[in-house]
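Protein chains in written order, with our numbering: chain A, 1 to 227; chain B, 228 to 454.
Comments concern the structure below.
Given below as structure tokens:
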């Protein structure tokens, strides 16, 4: 059950990874592989990565940044992001409604048991996701908690995702958001490249580790040994 | 329990209603009074209406159109609308986050057991709510169902509200939306001014009756005798 996961690894279909590193990641003990990226992701690249991962017995989640890239085969879950602090409603619910309409017309219905909604709060203005979604990233701790509370107690999203994409975030903010949540589960992503950072954010959230595996696979392994 | 309600009456604090008519409404057998309006509503007008309703033993819900008007006293529920098909994210989650932040700073926490989120799909372009929230109202049946499905299976809103405000809607659309829902409860509002219209929309939804009570209280009473 995804609520018990402690460590997730994010794989970007647009980035190259040698077979050896892919094996290291898939057999590392990470609880799940989250396959998604903001830019340059195509359906072909997603399918190709899934094909390479087929032989590994690890949970695979697709996190599409665009309805066009959605894949149902060879995945265990689809985690779909809504960017709650976006200035453009298409990133909150607009693309999602288009996607549901298109796929319902095509398939009759969707595999809702595989799908979980993620309420993203994007906090790095320089990240691709921050720029692309026109996110209002200059949130105070209280404002971030307010968005999280809306996701949790008002909308009832299963997952709240604090996304500092590419930079290490403010642990005080992550702690405060965690304390404000009632039913939603907290994910944290951004800048985890050491045992210490992994340990700190894992106190409050399920951590999502990404970039470091492309830069230094040994450092990636350390993010798993924080406990 | 609000999920069992069949007939709700909407009272607009900005509209005048004689004591006699107010009594007729409050003792009519309607399941609940939903107090809210889009324009000209002030906190004073809400408090005044609630004061006049105090002597009636009927469920009272406030549906604030603006955080500034929220009242916690003398009400049983707060139903908070999100306009899913708005072009401006402030009507989806922005005002809500401001409201949560402001009230949390003031009161420490909010009475979440009284609060239910409503995922509005606004379909009358000429209505005050349609204009005010810049709603994309020209939705096909499939598009309306897609928004409803996002509210229901993705975000998990307890209530989906098809709002034709001021005009009678398309029963085929309401039927299709109802059939697409899994966990969310459906409200329908707009143009119900007769037994026949009440009966038709009540097949698929909890009906919300509003304007007619200000124009013709006898016709309002007929909307209750459709069964």
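Glycine included, every Cβ here is placed at the ideal spot set by N, Cα and C.
Given the structure is predicted, the values throughout are model-derived calculations rather than measurements.
(request) Would you identify the three-state DSSP class for residue 364 of chain B, choosing helix, strand or coil? (result) Stepping through the second chain from its first residue, residue 364 of chain B is reached at position 137. Residue 364 of chain B falls in the coil class under three-state DSSP.
(message) Which residue marks the beginning of the beta strand (DSSP E) containing residue 195 of chain A, and which one marks its end?
(response) Here residue 195 of chain A corresponds to residue number 195 of the first chain, with the count starting at 1. Segment 195-202 is the alpha helix (DSSP H) holding residue 195 of chain A; no beta strand (DSSP E) there.
(request) Report the residues of the region 163-178 of chain A with a CB closer than 8 Å to any CB of chain B, ordered along the chain. (result) none
(message) I'd like to know whether the C-beta of residue 84 of chain A is nearer than 7 Å to at least one C-beta of chain B.
(response) What you label residue 84 of chain A is simply residue 84 of the first chain in a count that begins at 1. Closer than 7 Å to some Cβ of chain B, the Cβ of residue 84 of chain A qualifies, so yes.
(request) Could you check which residue in A:224, A:108 and A:220 has the C-alpha nearest to that of residue 21 of chain A? (result) Within the first chain, numbered from 1, the residue matching residue 21 of chain A stands at position 21. Among A:224, A:108 and A:220, the Cα nearest to that of residue 21 of chain A is on A:220.
(request) Kindly list the residues whose CB is nearer than 6 Å to the CB of residue 431 of chain B, restricted to its own chain and excluding five residues on each side of it in sequence; keep chain order. (result) Locating residue 431 of chain B in the second chain gives position 204, counting from the first residue. If we look at residue 431 of chain B and ignore the five residues flanking it on each side, its Cβ neighbours are 401, 402 and 405.
(message) Using beta carbons (cut-off 7 Å, strictly below), is residue 97 of chain A in contact with chain B?
(response) Counted from its first residue, the first chain places residue 97 of chain A at position 97. The beta-carbon of residue 97 of chain A is placed less than 7 Å from the nearest beta-carbon of chain B.
(message) Helix, strand or coil, according to DSSP, for residue 10 of chain A in the structure here?
(response) The residue given as residue 10 of chain A occupies position 10 in the first chain. Strand, per DSSP.
(request) Consult DSSP for residue 212 of chain A and reduce its assignment to one of helix, strand or coil. (result) As a first step, residue 212 of chain A is located in the first chain; it is residue number 212 there, counting from the start. Helix at residue 212 of chain A.
(request) With 7 Å as the threshold, decide whether the Cβ of residue 271 of chain B is near any Cβ in chain A. (result) Here residue 271 of chain B refers to the residue found at position 44 of the second chain. It does not: the Cβ of residue 271 of chain B has no partner Cβ on chain A nearer than 7 Å.
(request) Consider the Cβ of residue 111 of chain A: report whether some Cβ of chain B lies at a distance smaller than 7 Å. (result) In the first chain, residue 111 of chain A corresponds to position 111, counting from 1. No - not a single Cβ of chain B is within 7 Å of the one on residue 111 of chain A.
(request) Report the option in A:28, A:31 and A:13 whose CA atom is closest to the CA atom of residue 51 of chain A. (result) Counting from one through the first chain, the residue named residue 51 of chain A turns up at place 51. Of all alpha-carbon atoms in A:28, A:31 and A:13, the one lying nearest the alpha-carbon of residue 51 of chain A is that of A:13.
(request) Determine the chain A residues that contact residue 342 of chain B at a beta-carbon separation under 9 Å, and present them in chain order. (result) Here residue 342 of chain B refers to the residue found at position 115 of the second chain. 153 and 154, listed in chain order.
(message) Going by C-alpha to C-alpha distance, which of A:112, A:67 and A:78 sits closest to residue 60 of chain A?
(response) Locating residue 60 of chain A in the first chain gives position 60, where the first residue counts as 1. Residue A:78 holds the alpha-carbon nearest to the alpha-carbon of residue 60 of chain A among A:112, A:67 and A:78.
(request) Can you pull the chain A residues whose beta carbon is under 7 Å from the beta carbon of residue 261 of chain B, in chain order? (result) Locating residue 261 of chain B in the second chain gives position 34, counting from the first residue. Neighbours of residue 261 of chain B on chain A: none; closest Cβ ~18 Å, over 7 Å.
(request) Could you name the residues that DSSP lists as bridge partners for residue 406 of chain B? (result) Looking up residue 406 of chain B in the second chain gives position 179. Note: residue 406 of chain B sits in no beta bridge, so no partner.
(message) Taking the straight line between their C-alpha atoms, what separation do you get for residue 387 of chain B and residue 8 of chain A?
(response) Position 160 of the second chain, counted from the first residue, corresponds to residue 387 of chain B. Position 8 of the first chain, counted from the first residue, corresponds to residue 8 of chain A. Taking the straight line from one Cα to the other gives about 33 Å.
(request) Could you work out which residues of chain A lie near residue 369 of chain B, taking near to mean beta carbons separated by less than 7 Å? (result) Position 142 of the second chain, counted from the start, is the residue given in the question as residue 369 of chain B. Simply 101 and 105.
(request) Compute the minimum distance between the beta carbon of residue 430 of chain B and the heavy atoms of the ligand FAD, and state whether it is under 6 Å. (result) As for the ligand FAD, it is missing from this structure, which has no ligand bound.
(message) Is there a C-beta anywhere in chain B that falls below 7 Å from the one on residue 30 of chain A?
(response) Indexing the first chain from 1 puts residue 30 of chain A at position 30. No, no contact with chain B.
(request) Give a yes or no on whether the minimum CB-CB distance between residue 373 of chain B and chain A is below 7 Å. (result) Indexing the second chain from 1 puts residue 373 of chain B at position 146. True, the Cβ-Cβ gap to chain A drops below 7 Å.
(request) Pull up the distance between the alpha-carbon of residue 384 of chain B and that of residue 330 of chain B, whole angstroms please. (result) Taking the second chain and counting its residues from 1, one reaches residue 384 of chain B at position 157. Taking the second chain and counting its residues from 1, one reaches residue 330 of chain B at position 103. One alpha carbon belongs to residue 384 of chain B, the other to residue 330 of chain B, and they sit about 21 Å apart.
(message) If we define contact as Cβ-Cβ less than 7 Å, is residue 298 of chain B a contact residue for chain A?
(response) Indexing the second chain from 1 puts residue 298 of chain B at position 71. Judged by the 7 Å Cβ criterion, residue 298 of chain B is not in contact with chain A.
(request) For residue 254 of chain B, I'd like the list of residues in its chain whose CB is within less than 7 Å of its CB, leaving aside the five on either flank, ordered along the chain. (result) On the second chain, residue 254 of chain B is found 27 positions in, with the first residue counted as 1. Here the set comprises 283.
(request) Can you give me the Cβ contacts of residue 31 of chain A inside the same chain, cut-off strictly under 7 Å, excluding the 5 residues immediately before and after it? (result) Residue mapping note: residue 31 of chain A aligns to position 31 of the first chain, counting from 1. Within the same chain, residue 31 of chain A has close Cβ partners 5, 6, 7, 8 and 59.
(request) Please name the residue, chosen from A:139, A:211 and A:111, that lies closest to residue 35 of chain A on a Cα-to-Cα basis. (result) For this step, residue 35 of chain A is matched to residue 35 along the first chain. Answer by Cα proximity: A:211.
(message) With distance defined between alpha-carbon atoms, name the residue in A:89, A:110, A:215 and A:190 nearest to residue 70 of chain A.
(response) As a working mapping, residue 70 of chain A is identified with position 70 in the first chain. If we check each option's Cα against that of residue 70 of chain A, A:110 comes out closest.
(request) Give the straight-line distance between the Cα atoms of residue 332 of chain B and residue 120 of chain A, rounded to the nearest whole angstrom. (result) Residue numbering aside, residue 332 of chain B sits at position 105 when the second chain is read from its first letter. Residue numbering aside, residue 120 of chain A sits at position 120 when the first chain is read from its first letter. Roughly 23 Å between the two C-alpha positions.
(request) Indicate the three-state DSSP secondary structure (helix, strand or coil) for residue 94 of chain A in the structure shown. (result) Here residue 94 of chain A corresponds to residue number 94 of the first chain, with the count starting at 1. Here residue 94 of chain A sits in helix by DSSP.
(message) I'd like the list of long-range same chain contacts for residue 444 of chain B, defined as Cβ closer than 6 Å, with 5 residues on each side in sequence excluded.
(response) Residue mapping note: residue 444 of chain B aligns to position 217 of the second chain, counting from 1. Counting only Cβ-Cβ distances below 6 Å, and skipping sequence neighbours, we find 248 and 251.
(request) May I have the straight-line CA-CA distance separating residue 441 of chain B from residue 418 of chain B, to the nearest angstrom? (result) The residue you call residue 441 of chain B lines up with position 214 of the second chain. The residue you call residue 418 of chain B lines up with position 191 of the second chain. Their Cα atoms are separated by approximately 13 Å.
(message) When you compare the CB positions of residue 150 of chain A and residue 378 of chain B, do they come within less than 7 Å of one another, or not?
(response) For the purposes of this step, residue 150 of chain A is taken as residue 150 along the first chain, with counting starting at 1. For the purposes of this step, residue 378 of chain B is taken as residue 151 along the second chain, with counting starting at 1. No.
(message) I'd like to know if residue 92 of chain A contacts chain B, where contact means its C-beta is closer than 7 Å to some C-beta of that chain.
(response) Counting from 1 along the first chain, the entry for residue 92 of chain A is found at position 92. By this cut-off, residue 92 of chain A is an interface position.
(message) DSSP three-state label for residue 444 of chain B, please.
(response) In the second chain, counting from the first residue as 1, residue 444 of chain B sits at position 217. Residue state, collapsed to three classes: helix.
(request) Taking residue 135 of chain A and residue 86 of chain A to be in contact with their CB atoms under 8 Å, please state how far apart those CB atoms are, rounded to whole angstroms. (result) Taking the first chain and counting its residues from 1, one reaches residue 135 of chain A at position 135. Taking the first chain and counting its residues from 1, one reaches residue 86 of chain A at position 86. At roughly 5 Å, the Cβ-Cβ gap stays under 8 Å, so residue 135 of chain A and residue 86 of chain A are in contact.
(message) Short of 8 Å Cβ to Cβ, which residues in the region 174-203 of chain A face chain B?
(response) Taking 8 Å as the upper bound on Cβ-Cβ separation, chain B lies near residues 182 of the region 174-203 of chain A.
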